[in-house]
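Protein chains in written order, with the numbering used here: chain A, 11 to 251; chain B, 11 to 251. We put the CB at the ideal spot given by N, CA and C, even for glycine. Before any comments, here is the structure.
2 protein chains.
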Amino acid sequence: MFMAKDLTSQDLVGNHLLTTLPPEEYQRLLPHFEPVTLALGQVVYHTAQHLEYLYFPTTSMVSLLNTMEDGMTAEVGLAGNDGVVGIALFLGGDTTPNQAIVQIAGDAIRLRAKIVQEEFKLGGPFQQGLLRYTQALITQISQTAICNRLHSVEQRFCRWLLLSHDRVKHDKLEMTQELIATMLGGRRESVTVVAGRLQDAGVISYARGHIIILNRPGLEAEVCECYEVVKTEYARLLGFS
Amino acid sequence: MFMAKDLTSQDLVGNHLLTTLPPEEYQRLLPHFEPVTLALGQVVYHTAQHLEYLYFPTTSMVSLLNTMEDGMTAEVGLAGNDGVVGIALFLGGDTTPNQAIVQIAGDAIRLRAKIVQEEFKLGGPFQQGLLRYTQALITQISQTAICNRLHSVEQRFCRWLLLSHDRVKHDKLEMTQELIATMLGGRRESVTVVAGRLQDAGVISYARGHIIILNRPGLEAEVCECYEVVKTEYARLLGFS
DNA sequence: TTTTATCTGTTGGTTAGCGCACTTAAAGAG
DNA sequence: CTCTTTAAGTGCGCTAACCAACAGATAAAA
Chain A
11 MFMAKDLTSQ
21 DLVGNHLLTT
31 LPPEEYQRLL
41 PHFEPVTLAL
51 GQVVYHTAQH
61 LEYLYFPTTS
71 MVSLLNTMED
81 GMTAEVGLAG
91 NDGVVGIALF
101 LGGDTTPNQA
111 IVQIAGDAIR
121 LRAKIVQEEF
131 KLGGPFQQGL
141 LRYTQALITQ
151 ISQTAICNRL
161 HSVEQRFCRW
171 LLLSHDRVKH
181 DKLEMTQELI
191 ATMLGGRRES
201 VTVVAGRLQD
211 AGVISYARGH
221 IIILNRPGLE
231 AEVCECYEVV
241 KTEYARLLGF
251 S
Chain B
11 MFMAKDLTSQ
21 DLVGNHLLTT
31 LPPEEYQRLL
41 PHFEPVTLAL
51 GQVVYHTAQH
61 LEYLYFPTTS
71 MVSLLNTMED
81 GMTAEVGLAG
91 NDGVVGIALF
101 LGGDTTPNQA
111 IVQIAGDAIR
121 LRAKIVQEEF
131 KLGGPFQQGL
141 LRYTQALITQ
151 ISQTAICNRL
161 HSVEQRFCRW
171 LLLSHDRVKH
181 DKLEMTQELI
191 ATMLGGRRES
201 VTVVAGRLQD
211 AGVISYARGH
221 IIILNRPGLE
231 AEVCECYEVV
241 KTEYARLLGF
251 S
């Protein structure tokens with residue numbers, strides 16, 4: 011399920027929470043880093059599944075998804091190289107009612123639950139980093155809550171595109187409209203409509219699951235303030251943009 | 011602004027996070043408990059305000075509210091005697107982009123930031139309790155996000171009533187429709203309509219800011235699954251319902 | 001009691017997004 | 001090079017919720 015990889019220096023510089031660790035903590039954890047490749051659509055953890063690893067995405071991006079009884083879904087948060095997946099591990103809950111699925115295929119580094127919990131208990135920079143990230147994530151989820159209530163599909167789609175674009179280096183996103191709809195908690199047809207509008211405006215282009223961002227300022231002009239609020243708070247809490 | 015009170019034994023049994031502390035930690039913190047009374051509508055902390063205290067509501071209830079540039083608001087979470095207000099204090103962020111306002115007047119116990127941080131650093135049951143609560147709150151906010159996206163005003167109103175009812179002992183809520191609308195992130199007129207329907211059905215009665223819950227099972231029949239999901243997770247994480 | 005402020009009810013017009021059914025078109029498999 | 005699968009486009013009726021503008025009605029203040 012998880013493809014093992016050799017550990018190269020490139021892997022290690024990918025995740026901000028790891029790279030901002032002081033040398034001492036970094037060296038202590040280094041032997042426990044397990045580089046893995048995450049495939050598109052892969053479920054990092056299921057609803058109520060006991061967590062075995064904490065994941066630090068480097069080039070991958072992972073969505074936190076809530077699912078209702080009737081199968082309706084919506085994304086509540088999203089983690090890339092700015093964060094981690096599996097915070098329930100150190101918060102003490104061990105499982106969560108949501109699930110995490112890979113949105114953009116790529117690499118990640120993972121740490122065994124036991125290692126995470128031991129290092130966390132020391133109360134040092136590792137703990138501080140994870141807790142500050144937790145607060146950043148809470149901000150993101152909160153803003154998603156209010157955005158879901160107050161803003162249009164188009165605005166939310168733009169926000170989602172910008173969030174994704176921030177977490178990859180290039181302008182191409184592999185993502186079908188169907189999948190975007192499950193993220194936004196809406197219908198595929200609604201996504202078709204707004205994606206068409208953005209394409210007509212020359213902001214993006216897309217075809218059969220391949221989206222290209224042509225004009226990022228155009229997206230920023232359309233998006234609601236929610237994007238900026240979260241971005242600012244991430245920068246404040248985690249010290250990078 | 012905050013009315014000081016004498017510390018009675020009754021105050022101390024109010025908040026679950028405090029009462030479930032082992033005797034040792036409880037005794038250590040006891041001298042630092044500051045009972046306060048929170049008035050309806052009082053702002054416990056403003057957007058981006060440096061937090062000085064962590065609040066443990068006993069008979070009061072506090073809403074976490076996000077506000078947009080245009081003044082639109084929506085509640086993302088809610089804390090009563092099952093939780094605390096001001097988690098940014100121990101997560102390390104010190105401030106948050108949202109604000110906390112008193113929804114139901116009542117009492118709380120507060121602890122100075124410094125005391126909280128010192129005890130938190132010890133890594134004992136106090137830290138564990140707060141972190142588990144943090145995860146519970148994340149679940150609540152996440153569920154609010156998806157609920158805002160997928161469910162009707164009526165369902166969200168029922169959920170809000172049940173959440174509030176769970177946190178007070180009686181069946182009366184002091185709450186105007188205007189205020190409820192700001193919580194739900196909708197219009198006052200929409201609240202009027204659904205409140206009218208529930209009153210006609212004999213589930214609640216209300217008049218000028220005084221709501222009485224007449225038939226709780228009736229509410230539970232109308233509410234979406236979000237209510238139960240969060241309640242179950244609170245019970246699992248915090249050990250009470 | 002009269003006045004004023006607050007809370008609630010109602011109407012009619014408007015729109016975003018849903019649900020469903022169907023078509024078109026490109027990619028991949030054999 | 002066909003067949004099948006998957007992705008995307010379209011049209012239409014429908015409903016929840018929006019917006020705006022009032023009209024009671026009750027409570028509090030003068």
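Where Pro32 (chain B) sits in the DSSP three-state scheme = Correct three-state label for Pro32 (chain B): coil.
Would you mind sorting Asp210 (chain B) into buried or exposed? The rule is 16 or more other CB atoms within 10 Å of its CB.
-> Around the C-beta of Asp210 (chain B), fewer than 16 other C-beta atoms lie within 10 Å, and the residue is accordingly described as exposed.
Measure the CB-CB distance between Gln165 (chain A) and Val233 (chain A) and report whether it falls below 8 Å.
-> A contact, by the Cβ cut-off of 8 Å.
Which of helix, strand or coil does DSSP assign to Met11 (chain A)?
-> Unreliable placement is indicated for Met11 (chain A), whose pLDDT of 48 sits below 50; no coordinate value is reported for it.
Give the DSSP-derived three-state secondary structure of Asn108 (chain B) in the structure shown.
-> The answer is coil: DSSP assigns Asn108 (chain B) none of H, G, I, E or B.
Flag His26 (chain B) as yes when its Cβ comes closer than 7 Å to any non-hydrogen atom of the ligand ATP, and as no otherwise.
-> In terms of ligand content, the structure shown is empty, and the ligand ATP therefore cannot be addressed.
Which word fits Pro67 (chain A), buried or exposed, when buried means at least 16 other C-beta atoms lie within 10 angstroms of its C-beta?
-> So Pro67 (chain A) counts as buried.
Report all residues from its chain with a CB closer than 7 Å to the CB of Gln145 (chain B); omit the five preceding and five following residues, and keep chain order.
-> Take Gln145 (chain B), set aside five residues on each side of it, and the residues of its chain with a beta-carbon closer than 7 Å to its own are Leu247, in chain order.
Any beta-carbon of chain A closer than 8 Å to the one on Ala110 (chain B)?
-> It does not: the Cβ of Ala110 (chain B) has no partner Cβ on chain A nearer than 8 Å.
From the beta carbon of Lys131 (chain A), is the nearest beta carbon of chain B less than 8 Å away?
-> For Lys131 (chain A), the closest Cβ of chain B is nearer than 8 Å.
CA-CA distance, Leu99 (chain B) and Thr69 (chain B)?
-> Going by the C-alpha atoms only, they are around 22 Å apart.
Going by beta carbon distance, what residues of the same chain come within less than 7 Å of Pro135 (chain A), once the five residues before and after it are set aside?
-> The residues are Leu31, Pro32 and Glu35.
Have a look at Ile119 (chain B) and His26 (chain B) and give me their C-alpha separation to the nearest angstrom.
-> Those two C-alpha atoms are separated by around 12 Å.
Output yes or no for whether 8 Å exceeds the beta carbon distance between Gly90 (chain B) and Arg177 (chain B).
-> Taking C-beta atoms as the reference points, Gly90 (chain B) and Arg177 (chain B) count as a pair closer than 8 Å.
Closest Cα partner of Val54 (chain A) within the set A:Pro45, A:His42 and A:Val72 | Restricting attention to A:Pro45, A:His42 and A:Val72, the CA atom closest to the CA of Val54 (chain A) is found in A:Val72.
Would you say Thr30 (chain A) faces chain B, with C-beta separation under 8 Å as the test?
-> Cβ-Cβ to chain B under 8 Å: no for Thr30 (chain A).
Please confirm if Pro227 (chain B) has its CB atom under 8 Å from at least one CB of chain A.
-> So no, Pro227 (chain B) is outside the interface.
Which residue comes first and which comes last in the alpha helix (DSSP H) that contains Glu243 (chain A)?
-> DSSP places Glu243 (chain A) in the uninterrupted alpha helix (DSSP H) bounded by Cys236 to Leu248.
Cβ contact (3+ pairs, closer than 8 Å) linking the segment 105-124 of chain A and the segment 40-49 of chain A | Taking 8 Å as the limit for Cβ pairs, the verdict is that the segment 40-49 of chain A does touch the segment 105-124 of chain A.
Unbroken alpha helix (DSSP H) runs of length 4 or more, entirely within the segment 111-161 of chain A: which are they?
-> With a minimum length of 4 residues, the continuous alpha helix (DSSP H) runs that stay inside the segment 111-161 of chain A are 123-131 and 135-160.
Using a Cβ-Cβ cut-off of 6 Å (strictly less than) and excluding sequence neighbours within five positions of Val86 (chain A), which residues of its own chain qualify?
-> Once the five neighbours on either side are set aside, the close Cβ partners of Val86 (chain A) are Leu74, Asn76, Ile151 and Thr154.
Alpha carbon to alpha carbon, how far is Tyr254 (chain B) from Tyr244 (chain B)?
-> Nothing about residue 254 (chain B) can be reported from this structure: the residues present for chain B run from 11 to 251 only.
Test: Thr192 (chain B) CB closer than 8 Å to a CB of chain A | Among the CB atoms of chain A, none fall inside 8 Å of the CB of Thr192 (chain B).
Quick one: list the residues of chain B neighbouring Pro107 (chain A), beta-carbon separation under 7 Å, in chain order.
-> Within chain B, the residues near Pro107 (chain A) are Thr149, Val239 and Glu243.
Three-state class that DSSP yields for Glu164 (chain A) in the structure shown | Shown here, Glu164 (chain A) sits in a helix according to DSSP, grouped into three states.
When DSSP labels each residue in this structure, what does Ala84 (chain B) get in the three-state scheme?
-> Of the three classes helix, strand and coil, the one that applies to Ala84 (chain B) here is strand, per DSSP.
Chain A contacts made by the segment 156-172 of chain B, where a contact means CB separation under 8 Å | From the segment 156-172 of chain B, only Ile156, Asn158, Arg159 and Leu160 have a Cβ closer than 8 Å to chain A.
Within chain A, the residues that Ala98 (chain B) reaches when beta carbons sit closer than 7 Å = Taking the beta carbon of Ala98 (chain B) as reference, the chain A residues within 7 Å of it are Gln145, listed in sequence order.
If you compare alpha carbons, which of A:Thr47, A:Tyr237, A:Thr57 and A:Thr105 is closest to Val112 (chain A)?
-> Here the closest residue by C-alpha is A:Thr47.
Specify the secondary structure class of Glu79 (chain B) as computed by DSSP and reduced to three states.
-> Assignment of Glu79 (chain B) by DSSP, reduced to helix, strand and coil, places it in the coil class.
With a Cβ-Cβ cutoff of 8 Å, do Leu61 (chain B) and Asp104 (chain B) count as a contact?
-> In this structure, the beta-carbon distance from Leu61 (chain B) to Asp104 (chain B) falls below 8 Å.
Got a sec? Which residues, its chain only, sit under 6 Å from Asp181 (chain A) by beta carbon, not counting five neighbours each side?
-> Excluding five sequence positions before and after Asp181 (chain A), the CB atoms of its chain that fall closer than 6 Å to its own CB belong to Ile222 and Ile223, given in chain order.
Can you pull the DSSP bridge partners for Gln223 (chain B)?
-> A small correction: the amino acid at residue 223 (chain B) is Ile; Gln does not occupy that position in the sequence shown. DSSP output for Ile223 (chain B) lists B:Ile214 as bridge partner(s).
Beta-carbon proximity of Leu229 (chain B) to Cys157 (chain B), cut-off 8 Å = Cβ distance not < 8 Å, so Leu229 (chain B) and Cys157 (chain B) don't count as in contact.
Alpha carbon to alpha carbon, how far is Tyr65 (chain B) from Val213 (chain A)?
-> Here the alpha carbons of Val213 (chain A) and Tyr65 (chain B) stand approximately 47 Å from one another.
Using the rule of at least 16 other Cβ atoms within 10 Å of the residue's Cβ for burial, across every protein chain shown, is Leu132 (chain A) buried or exposed?
-> Classification for Leu132 (chain A): exposed.
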